[in-house]
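Residue numbers in the sequence shown follow this note's numbering, run continuously in steps of one, and reach 167 at the last position. Idealized CB from N, CA, C, for every residue including glycine. Computed from a predicted model, the values in this text were never measured in an experiment. This report concerns only the one structure given below.
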Amino acid sequence: MPSQWEYQVGPCEGIEMGDHLWVSRYILCRVAEEFDAVVSFDPKPIPGDWNGAGCHTNISTLAMRQDGGMEHIIKAIEAIGKKHKEHIEEYDPTQGADNARRLTGLHETASIHEFSYGVANRGASIRIPRQCEKENKGYFEDRRPASNCDPYAVTERIVKTMCLGQ
2 MPSQWEYQVG
12 PCEGIEMGDH
22 LWVSRYILCR
32 VAEEFDAVVS
42 FDPKPIPGDW
52 NGAGCHTNIS
62 TLAMRQDGGM
72 EHIIKAIEAI
82 GKKHKEHIEE
92 YDPTQGADNA
102 RRLTGLHETA
112 SIHEFSYGVA
122 NRGASIRIPR
132 QCEKENKGYF
142 EDRRPASNCD
152 PYAVTERIVK
162 TMCLGQ
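Pasting the structure below:
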């Protein structure tokens with residue numbers, strides 16, 4: 002694999018994130034086509050001793066971004082942790098099989114078998130940025146979605162867990 006590229010989409014509100022990600026994937030593929038380059042969204046297209054590619058997802062609600070929001074961040078993360086298996090199944094199109102090649106617990110990835118979270122911990126399932134801890138508000142990053150995820154399925158699973166308690 003000659004290279005790996007990362008880019009950001011957003012900020013977006015709700016399901017809009019899926020639209021933005023699909024359009025960005027289309028644009029990426031069209032631009033790559035012009036340069037005879039091949040794009041793969043496979044989370045680990047080549048086996049080996051490396052981290053692979055994810056679709057890290059930043060999440061916040063209004064309450065999380067307001068003063069004292071860390072309480073809401075921790076509550077949401079703990080709810081997600083109780084539904085770890087359900088999230089893993091929605092975070093790649095093969096119900097976790099693709100992510101099993103990537104989420105090994107090595108190379109700044111969490112183990113697919115265990116849920117964890119922490120401040121500035123790039124090896125956790127969910128990372129809380131250091132700045133958010135310092136300000137006691139902000140957002141968190143779910144590092145488990147695979148690069149080939151269906152963004153609508155990821156968003157739905159997060160909303161079901163965080164907002165609907167399902």
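- Excluding its 5 nearest sequence neighbours in each direction, S117 has C-beta neighbours in its own chain below 6 Å: A111, A125, S126, listed in chain order.
- Assigned with DSSP and collapsed to three states, Y8 falls in coil, not helix or strand.
- Short of 7 Å from the beta carbon of N122, and not among the five residues preceding or following it, lie these beta carbons of its own chain, in chain order: R128.
- In this structure, A54 is the residue among A54, Q67, D68 with its C-alpha nearest to the C-alpha of S148.
- DSSP places N59 inside the beta strand (DSSP E), whose first and last residues are 58 to 60.
- Non-local C-beta neighbours of Y8 in its own chain, meaning closer than 6 Å and more than five positions away in sequence, are absent.
- One Cα belongs to I60, the other to Y140, and the distance between them is close to 6 Å.
- In this structure, G70 is the residue among G70, E17, F36, M18 with its C-alpha nearest to the C-alpha of E134.
- In this structure, the alpha-carbon of I16 lies about 18 Å from that of R145.
- Membership of Y118 in the beta strand (DSSP E) is indicated by the continuous run 118 to 120.
- Spanning the alpha carbons of E14 and I74 requires a straight line of approximately 17 Å.
- Under the three-state reduction of DSSP output, E157 falls in the helix class.
- By the Cβ neighbour-count rule, L165 is exposed, with fewer than 16 other Cβ atoms within 10 Å of its own.
- Fully contained in the stretch 44 to 107 are the following alpha helix (DSSP H) runs of length 4 or more, in chain order: 63 to 66, 71 to 83, 85 to 91, 98 to 103.
- By the Cβ rule, the stretch 19 to 34 counts as touching the stretch 152 to 159, because three or more pairs are nearer than 8 Å.
- Taking every protein chain shown into account, the CB of D143 has 16 or more other CB atoms within 10 angstroms, so this residue is buried.
- By the C-beta density criterion, H88 is buried, having at least 16 other C-beta atoms within 10 angstroms.
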